[in-house]
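Here full-length UniProt numbering is used: the first residue of the sequence shown is 1, the next is one more, and so on.
Ideal Cβ placement from N, Cα and C applies to all residues, glycine included.
To start, the structure itself, in structure tokens.
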Amino acid sequence: MHNKGIDNQNSGHRSRLITRLVANIRRFSQDQKGAIAIMFVILGSFLLGMAAFGFEGSRYVMEKARLSDAMEQAALALSAEDNGNRTIAAINRNNFLASEYFRRYMRNEKSVSRPVINVSDVVSVNENVQYVEYRVSAQTSHTSWFSSSFFPSFKPTVSVGDNGAARKYRSNIDVVFATDFSNSMNERLSGGSSRIQELKRIVLKLSTELYSYNQGNKVGFVPFDWGMHRGSNCRIALSTRTKVTALSTDIIKNLHNNVDYEKTINSIPNESDSEINVPLSQISYQPYGSDWACLKASPMSLETGLTANYNELLSINAMPAGGNTFVSSGILRAAQLLGKSTAAKRVLVIVSDGQDTVNEIITPTLIERGMCEKIKRVMSTRYSVGKIAFVGIGYTPTVDWKLCVGDNNFYISTNVNELEDDLRRAVFEEVGHNTLKRF
Numbered sequence: 001m002h003n004k005g006i007d008n009q010n011s012g013h014r015s016r017l018i019t020r021l022v023a024n025i026r027r028f029s030q031d032q033k034g035a036i037a038i039m040f041v042i043l044g045s046f047l048l049g050m051a052a053f054g055f056e057g058s059r060y061v062m063e064k065a066r067l068s069d070a071m072e073q074a075a076l077a078l079s080a081e082d083n084g085n086r087t088i089a090a091i092n093r094n095n096f097l098a099s100e101y102f103r104r105y106m107r108n109e110k111s112v113s114r115p116v117i118n119v120s121d122v123v124s125v126n127e128n129v130q131y132v133e134y135r136v137s138a139q140t141s142h143t144s145w146f147s148s149s150f151f152p153s154f155k156p157t158v159s160v161g162d163n164g165a166a167r168k169y170r171s172n173i174d175v176v177f178a179t180d181f182s183n184s185m186n187e188r189l190s191g192g193s194s195r196i197q198e199l200k201r202i203v204l205k206l207s208t209e210l211y212s213y214n215q216g217n218k219v220g221f222v223p224f225d226w227g228m229h230r231g232s233n234c235r236i237a238l239s240t241r242t243k244v245t246a247l248s249t250d251i252i253k254n255l256h257n258n259v260d261y262e263k264t265i266n267s268i269p270n271e272s273d274s275e276i277n278v279p280l281s282q283i284s285y286q287p288y289g290s291d292w293a294c295l296k297a298s299p300m301s302l303e304t305g306l307t308a309n310y311n312e313l314l315s316i317n318a319m320p321a322g323g324n325t326f327v328s329s330g331i332l333r334a335a336q337l338l339g340k341s342t343a344a345k346r347v348l349v350i351v352s353d354g355q356d357t358v359n360e361i362i363t364p365t366l367i368e369r370g371m372c373e374k375i376k377r378v379m380s381t382r383y384s385v386g387k388i389a390f391v392g393i394g395y396t397p398t399v400d401w402k403l404c405v406g407d408n409n410f411y412i413s414t415n416v417n418e419l420e421d422d423l424r425r426a427v428f429e430e431v432g433h434n435t436l437k438r439f
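Written out as structure tokens, the structure is:
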């Protein structure tokens with residue numbers, strides 16, 4: 001009975017303590033109600049602001065990164081085309097190209113500003129190499145998701161800006177066009193006149209652009225059919241085991257057995273005493289007619305060595321096309337001309353509209369034995385690897401020209417616009433390199 005009384009007394013004491021504590025809490029809550037409300041508002045605003053900055057901030061960082069990528073890719077594209085920024089046509093083309101990159105990269109923006117494109121003057125690095133710099137900048141506007149006047153956040157509309165730049169080196173360049181002047185080049189090219197006339201026009205147009213850079217650029221022109229003639233002799237840069245004193249279709253059909261391939265390739269880019277050098281009077285004219293070989297369709301040789309004089313190139317307009325085709329004769333002669341080049345960059349452009357005729361074995365054998373690799377080594381400089389490009393007009397080659405020139409330098413043109421675009425890429429195309437942007 002005594003213990004039971006003590007337990008009841010302790011239980012009552014605890015109840016009074018709990019009641020007193022609850023009363024104190026209720027009284028504190030009533031007395032501090034305003035302070036708690038203020039703290040809740042402050043804390044709530046802080047949390048909402050942090051959420052807004054977290055979501056929106058990361059969003060705008062990503063948008064800026066996307067814009068930066070668009071700027072850099074646009075600058076690279078502009079440097080690849082290298083239109084300059086001086087004529088209305090060039091300005092319009094550059095704006096269109098840059099805007100297309102922005103449109104593809106920035107699809108969900110409220111607005112995208114017109115790109116600002118700056119092209120630096122060509123800055124001299126040394127006597128052989130110069131560069132041009134394309135710098136693109138723009139701004140995009142974005143509607144904020146959590147904009148509010150009740151808590152810290154971004155403005156209703158936020159502008160994000162960035163820029164990108166690419167630098168393209170313009171080495172002084174020597175280009176030799178080895179061009180097919182066989183009879184099939186007189187056929188019409190879709191969208192234009194004859195293949196040979198369109199080819200001449202485009203070559204002269206590209207030569208004008210090369211000269212306009214005013215860097216000592218030079219152009220050479222090597223026409224060929226089944227060989228070419230210089231003076232009164234037919235000259236073909238093939239070294240033979242036994243001397244060739246006359247040319248006929250029977251001799252040429254078996255010529256691959258007489259060619260010294262090793263000596264021919266080792267001689268590049270020099271002329272050899274053992275290469276074919278036959279008087280034009282010793283060319284048999286049957287069964288292909290009187291002009292089947294060595295550019296007999298032309299009364300004079302219109303080969304043009306490397307020159308910076310545009311007027312010297314104009315002579316190609318007077319040269320007719322006729323005869324059969326032997327592409328290697330043009331390649332080997334063009335390599336001899338480029339061997340005399342002192343330019344920082346050297347390019348050989350081969351243009352043909354058909355397979356070799358009379359003998360289809362020599363060219364693929366030369367390619368397999370390393371003719372193209374030897375030419376590239378000869379053309380290479382400390383500034384640039386030698387480049388060979390092949391442009392086929394309206395046919396699918398059976399010779400694996402990609403083995404010679406590489407996938408990126410092989411083109412097939414089916415109309416006049418494609419021919420001009422492909423020749424332009426063969427001569428000029430070199431993608432620039434991104435450089436430091438402005439912060």
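Cβ-Cβ distance between residue i and residue j below 8 Å
i           : j       : result
Arg-170     : Tyr-131 : yes
Val-259     : Leu-238 : yes
Ile-173     : Ala-343 : yes
Gly-354     : Tyr-395 : yes
Ala-75      : Ala-165 : yes
residue 494 : Ile-265 : Given a span of 1 to 439 for the chain in the structure shown, any question on residue 494 remains unanswerable.
Val-222     : Ala-246 : no
Val-405     : Val-351 : no
Trp-226     : Phe-326 : yes
Leu-302     : Ser-315 : yes
Ser-141     : Ser-159 : yes
His-229     : Leu-337 : no
Ile-276     : Thr-240 : yes
Leu-255     : Ile-362 : yes
Arg-195     : Ile-393 : yes
Ala-293     : Gly-322 : no
Ile-268     : Lys-387 : no
Arg-66      : Tyr-101 : no
Phe-224     : Ser-329 : yes
Ser-413     : Asp-407 : no
Ser-68      : Asp-162 : yes
Ile-202     : Glu-418 : no
Pro-115     : Ala-98  : yes
Gly-84      : Val-119 : yes
residue 447 : Lys-168 : Outside the shown range of the chain (1 to 439) lies residue 447, about which nothing can therefore be said.
Ser-232     : Leu-280 : yes
Leu-206     : Arg-424 : yes
Met-71      : Val-112 : no
Residues sharing a beta bridge with residue i, DSSP
i           : result
Ser-159     : Ser-141
residue 446 : Nothing in the structure corresponds to residue 446, since the chain is present only between 1 and 439.
Thr-179     : Pro-223, Val-351
residue 440 : The shown model of the chain, from 1 to 439, leaves out residue 440, and the question about it has no answer.
Tyr-411     : Val-391
Leu-228     : It is Met, not Leu, that sits at residue 228 in the sequence shown. According to DSSP, Met-228 bridges with Arg-235.
Arg-382     : Beta-bridge pairing links Arg-382 to no other residue.
Val-112     : Thr-140
Thr-19      : Answer is none; Thr-19 lacks a bridge partner.
Arg-188     : Ser-194
Residues near residue i by beta carbon distance below 8 Å, same chain, minus five either side
i       : result
Thr-307 : Lys-218, Val-219, Gly-220, Leu-313
Glu-262 : Arg-369
Gly-216 : Asn-172, Ala-308, Ala-343
Glu-63  : Met-106, Glu-109, Thr-140, His-142, Val-160
Phe-96  : none
Thr-242 : Asn-258
Thr-208 : Tyr-310
Arg-93  : Glu-81, Asn-83
Cβ-based neighbour list, residue i, same chain, cut-off 7 Å, excluding 5 preceding and 5 following
i       : result
Lys-253 : Val-358, Asn-359
Leu-403 : Ile-367
His-2   : A caution first: His-2 carries a pLDDT of 49, below 50, which makes its placement in the model unreliable, though a value can still be read off. Closer than 7 Å at Cβ, skipping near neighbours: no residue.
Asn-317 : Lys-200
Asp-291 : Ala-297, Gly-322, Gly-323
Asn-183 : Ala-321, Gly-322, Gly-323
Ala-82  : The displayed chain sequence assigns Asp, not Ala, to residue 82. Around Asp-82: Val-132, Lys-168, Phe-428.
Lys-340 : Leu-306
Residues near residue i by beta carbon distance below 6 Å, same chain, minus five either side
i       : result
Gly-192 : Glu-198, Val-416
Met-379 : Leu-338, Arg-346, Gly-386
Pro-364 : Val-399
Thr-19  : none
Asn-257 : none
Cβ-heavy atom distance, residue i to the ligand HEM, below 7 Å
i       : result
Val-349 : Here there are no bound small molecules, and the ligand HEM is not part of this structure.
Touch check for the region 175-195 and the region 334-348: three-plus C-beta pairs under 8 Å? Judged by Cβ distances under 8 Å, the region 175-195 makes contact with the region 334-348, as three or more pairs qualify.
Inside the region 295-331 only - alpha helix (DSSP H) runs reaching at least 4 residues: 310-313
Which residue spans inside the region 241-279 form an unbroken alpha helix (DSSP H) run of at least 4? 249-253, 261-267
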